[in-house]
Each structure stands twice: as structure tokens, then as C-alpha cells.
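Number of protein chains: 2
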Amino acid sequence: MSTALAPLPESSTAHLVADRIREAIWQGTLRPGDRLVETDLAERFEISRGPVREAIRLLAPEGLIVLRRNRGAVVANPTFDDVLEVYAARMTLGELALATIARRGVDRATFDEVTSLLDRLRDPIVQADPVSMLEADLAFQDALMRLSDLPRIADMLENSGRDAASFVRLLGITYESTDHDALIARHERTLAAIAATNPAEAVTAWQDHIRLTVAEFARGYREVDDLSVDQHPLFAYPLSASRQEKS
Amino acid sequence: MSTALAPLPESSTAHLVADRIREAIWQGTLRPGDRLVETDLAERFEISRGPVREAIRLLAPEGLIVLRRNRGAVVANPTFDDVLEVYAARMTLGELALATIARRGVDRATFDEVTSLLDRLRDPIVQADPVSMLEADLAFQDALMRLSDLPRIADMLENSGRDAASFVRLLGITYESTDHDALIARHERTLAAIAATNPAEAVTAWQDHIRLTVAEFARGYREVDDLSVDQHPLFAYPLSASRQEKS
DNA sequence: CCGGCACAGATTGTTGACAATCTACGATTT
DNA sequence: AAATCGTAGATTGTCAACAATCTGTGCCGG
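Written out as C-alpha cells, the structure reads:
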């Protein structure tokens, strides 16, 4: 299996620490505005400040934490507008990636491999835990976008995905109400479009997915009541759908 | 003036070092494949390894250098495809930003401030030095995109801009042949569209700018002879131009 | 002659101590 | 009483030494 072999793990101490911190934020242990004191974290993880410092610098460009010169880092306090912005970027970049994938086509083995990642989303045990569900969903979408052979854009999408997930958690949006079956169905629609090498459909499916996701969050977010995603400037029709023409 | 007051400089030692390294790459002092040894750099800058290490980690996500676990960092060895990918991302994200700007409109003072940044591009002394020209051009485009009030997307654009500039230099593309007047004219066209709050025109102007830029690079890059940018999948018409409708 | 193994040098990863900076609180001045 | 100043504590920024890892070279057995 190409997944089992060769993808050497990216596990430096700093990365491990960064993952832990991200996890803490997703789980609600760390809340917006909380200070990240290098000394404290170093003590807690029983390592020195160096790797902790590196982990913080690793998290900063993700927008998860804010750091100010000589004053340390605090957990970001995002607004719903930040979520919208991240998803807008995610939508556009995803269109580019998916149009490229669908245009070029994917060999069967690789395609099946990505498809199989959806199984985790169907696992009741995974579905029971919002954080696991989030991770499985992101893992699938990352693998999907990697098919584009556009590594930098895939990286940006991966970052934006983590960003989005973190922001949603930080805003206290209740993700539990999500209809898992509908989510999977949307992903399957995108996959079908790719299998049919139909860029237009792939892009449309993706746009719908993003818009539905954002709309769902808007419903789950108490402080936004009058947001109609379809009319929001960043997501308004007609979108960049025309990119896939001339295939 | 809002530019003179309050924008406290982001000058940590690590950032200064990162700038120096970037500059060295732009000037050709550091070439693709060259190793970045922490000890050497620390000696040269007469500081300890800590800040140097941090600078390298700062440069890595820009794609400027590649770092492998326990094996240090080397200057990236990009291909022309990398340039295309970066510009494709830059084009899409720029469309989003510019459509937003043109849709909302910009107050006169801020607009003039950004416009005035074009003056540096007209300075013969700046035009004489490719690196200065590059920096002035990036400074203008960054300021322009910041008008969108989409800080994350502006950040991505800033990074992609530096990326693009670095890659172009690393590929040894001769930037000297650039028609400075034409470049300025393209920027002025975008500005005019914004002033007229015409999103469609702003997006189109931007697309044309990117495509012309890429085409220019393709001409300056010996090893690519049969590239016609207009037909390249990542830049093919029709593009996401439709985004700005329903203004 | 070829593949595996072990060693030495070089380089990165980590650590704890020291220096510089910031925040908060209270004293001083007007 | 309000504002300014100054000090103490906490925290980040920097450093040099140590530990772990990697690369390459030469030896050995086959």
C-alpha cells in the first residue's frame, strides 16, 4: 500500500507539541484569550522551552494563536467573519484543485485509496466524538486535494482546514448536530464527479459542500441569526464555477 | 499619516535574519541546493544558533527552502511548474480580494495612499535594480490586497508574492527585460476599476496582469519554449471572472 | 568485486542558565 | 486626586554546551 509504505512520519518534538496544543484547543481545554506561557507548557510536557517555543511558532501562521513581540502568545479569539474568510479561501482554492483533478483524471488505485478514507467517517465510534469526526473529515479532504499534484495549494487547503476547524471550536459552535450521512453524501458526489472526469460538476459539488457547511455553522452559532450564506458577498452566486469549462 | 504612525515594525532578530537570507537568495548569493548550516549562518551574523534556527523555520513555509528531519535545510530547487502553481493560487485569491474591494469601495484617503506606492515603481533608480523593483512591486500589491479587509487572504497573497519572486530568481529568469511602464499601466487599470467600484473589471484586470506576468516569465525562461499561458489549464479562460457579478 | 557493518566527523536537536523586556503595582509629585 | 515615575516579578529572547542523529569512509566477510 502506498499509504503504509514510505510516508515517513513528520514527528519532531515541536510537531508533537503543536498537535497537543491544537488538540487542547479543539477539546476546549484552551479557550480564546488564554495565554500560552512557554515555561508552563515546557513543565507540563517535561521538556525544555526550545521545542515548545518552536511549536508555538508553528501554530502561529495557522492563525490559531496570536503572538505579540516580547509578550508571548495567546489563543486566538476569532469572529464568525474569520470563519467566513477562511471558508471563502478554502472554496476558491478547492475549486482550483478539484478542477485540476477532474480535468486530468485519477488512476483507479489512488482513487480507491482516497475513497476508502470515507469509511472512517461512517464509523459510529468516530461519529460519536466530534473531534474524531473532524479529524477524519479533514484527513479525507486533505488526501483528496493532494490528488491535484499541486502541493502548495494542497498545503494551503490543509492549513485552512485546520484553521476552520479550530475557529469553529473556538466559537463554541455545536458541531454535534451535523448530519453525518449528508456530509458523506456530499463528498461522494465530488468523488463521482472526479471519477467521471467532469470538472464542472466537481467544482459545483465542492461549492455546494462549502456553502452547506458554512450555513450549518451559521445555524449552530447563536450570535449570527440573519446570515444567509447564499447572499453573502464571499459566497454569492455565480461563483468561479466557469473555471472548469474548456476542459 | 496612517503609514507613519502606529505600524510598529515587526523586527525580531529572527525576522531580520530571515530577510537577509531571502535577500541573499534574490541576489543570487545563495543558489538552489545550497545548504543552510545553522552554525555557519550564526557565525556570519555574529549571533547564536537560536534566532538563525527560528529564521529558517520562518522561511520554510514560504517554500523558499526545504528542510528534512535532522538533516538541515537547503535552498529550494523549484521548477517552472512551481511558479505556475503559485501564480494560479495568487490569481484566484487575488480575484476574491479584489472583487471584495471593488464591491465595497474604498475611501479616498486610503485609496490615494495605496496609489502613491506606485510612485516608487516609476523611480528610475528603483527601476535600475531588479531586486528593488521586485520589492516595490510586492509592497504595492500587498497594500492593495490589504484593502480587502480579509487579513488572512492578504497574508496568503503576501506569501505567494514572495514565493513567486523567489522562485523566479532561483530559476534564473531574467527579469530585466520587463516593460516597467506596461506593468504600472496594468496596476493603474486595476486601481481604476476599484475607484469605479466595478468588480468585474477589477477581476479581469487582475487576471490579465497575472497572465501577462506569467507569460513574460515564460519568455524569459529558456527551458520553457512551447508554453502558451492562455491555454494552460491553471490559467485557461473562462476563469472565475463570474464571481463579481450580482454586485 | 559486492554488500553489510562500524566508526569518525559534521550537523541538528535539546537543554538549562543568563539577559532583555514587559506588566502590574505602589510611591511620589503636582 | 490624577498622572507620572520607579521598582519587583514574571516572561520572553538569547546564548553556549551537551546529546542525538546523520553522512560518508573504510573495513570486513562473502
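As you go down the protein sequences, you meet chains U and E in turn.
For the first sequence, the residue numbers in the numbering used here are 7 to 253.
For the second sequence, the residue numbers in the numbering used here are 7 to 253.
Cβ atoms here follow ideal geometry from the backbone N, Cα and C, with glycine treated the same way.
- Of 104(U), 119(U) and 185(U), the smallest CA-CA separation from residue 139(U) is found for 185(U).
- For residue 94(U), the uninterrupted alpha helix (DSSP H) segment begins and ends at 86 to 110.
- Secondary structure note for residue 123(E): it is in no beta strand (DSSP E), with a DSSP letter that is neither H nor E.
- Nearest CB-CB separation between residue 153(U) and chain E: not below the 8 Å threshold.
- Excluding the 5 residues flanking it on each side, residue 146(U) has same chain C-beta neighbours closer than 8 Å at 120, 123, 124, 126, 127 and 193, in chain order.
- Contacts with chain U at 8 Å (Cβ-Cβ) do not include residue 216(E).
- Closest by C-alpha distance to residue 169(U), out of 110(U), 83(U) and 135(U), is 83(U).
- Restricting attention to 98(U), 201(U), 76(U) and 160(U), the CA atom closest to the CA of residue 215(U) is found in 98(U).
- Residue 54(E) is outside the set of residues whose beta carbon lies under 8 Å from a beta carbon in chain U.
- In the three-state reduction of the DSSP assignment, residue 81(U) falls in the strand class.
- One Cα belongs to residue 52(U), the other to residue 201(U), and the distance between them is close to 49 Å.
- Judged by DSSP secondary structure, residue 144(E) falls within the alpha helix (DSSP H) whose first and last residues are 136 to 152.
- Residue 59(U): member of the alpha helix (DSSP H) spanning 55 to 65, first to last residue.
- Per DSSP, the beta-bridge partners of residue 73(U) are 79(U).
- Nearest CB-CB separation between residue 77(E) and chain U: not below the 8 Å threshold.
- Inclusion of residue 166(U) and residue 32(U) in the CB contact set at 8 Å is not warranted, their separation being larger than that value.
- Within chain U, no C-beta atom comes nearer than 7 Å to that of residue 89(E); the closest sits roughly 11 Å away.
- Check the Cα spacing between residue 220(U) and each of 24(U), 88(U), 74(U) and 207(U): the tightest is with 88(U).
- Against chain E, a Cβ distance below 8 Å from residue 69(U) picks out 158.
- Looking at 209(E), 224(E), 75(E) and 198(E), the one whose alpha-carbon comes closest to that of residue 114(E) is 198(E).
- Counting along the chain, the unbroken alpha helix (DSSP H) around residue 196(U) starts and ends at 186 to 201.
- Short of 7 Å from the beta carbon of residue 20(E), and not among the five residues preceding or following it, lie these beta carbons of its own chain, in chain order: 57, 60, 61 and 64.
- Secondary structure note for residue 29(E): its alpha helix (DSSP H) is the uninterrupted segment 19 to 32.
- Counting only residues of its own chain and dropping the five nearest sequence neighbours on each side, residue 160(U) has a CB closer than 8 Å to the CB of 103, 148, 151, 152 and 154.
- In the three-state scheme derived from DSSP, where H, G and I count as helix and E and B as strand, residue 36(U) is classed as coil.
- With a threshold of 8 Å between beta carbons, residue 162(U) makes contact with chain E.
- Residue 101(E) counts as buried, since at least 16 other C-beta atoms from the protein chains shown sit within 10 angstroms of its C-beta.
- Below the 7 Å Cβ cutoff, chain U contributes 106 and 109 as neighbours of residue 239(E), in chain order.
- At least one CB atom of chain E sits nearer than 8 Å to the CB of residue 95(U).
- Residues of chain U with a Cβ closer than 8 Å to the Cβ of residue 98(E) are, in chain order, 98, 99, 101, 102 and 246.
- Minimum Cα-Cα distance from residue 136(U) among the listed residues 40(U), 206(U), 94(U) and 175(U) corresponds to 175(U).
- DSSP, read as helix, strand or coil, puts residue 218(U) in helix.
- By the beta-carbon neighbour count (other beta carbons within 10 angstroms, threshold 16), residue 85(U) is exposed.
- According to DSSP, residue 41(E) shares a beta bridge with 80(E).
- For residue 176(E), the three-state secondary structure derived from DSSP is helix.
- Between the C-alpha atoms of residue 30(E) and residue 209(U) there is a straight-line separation of about 41 Å.
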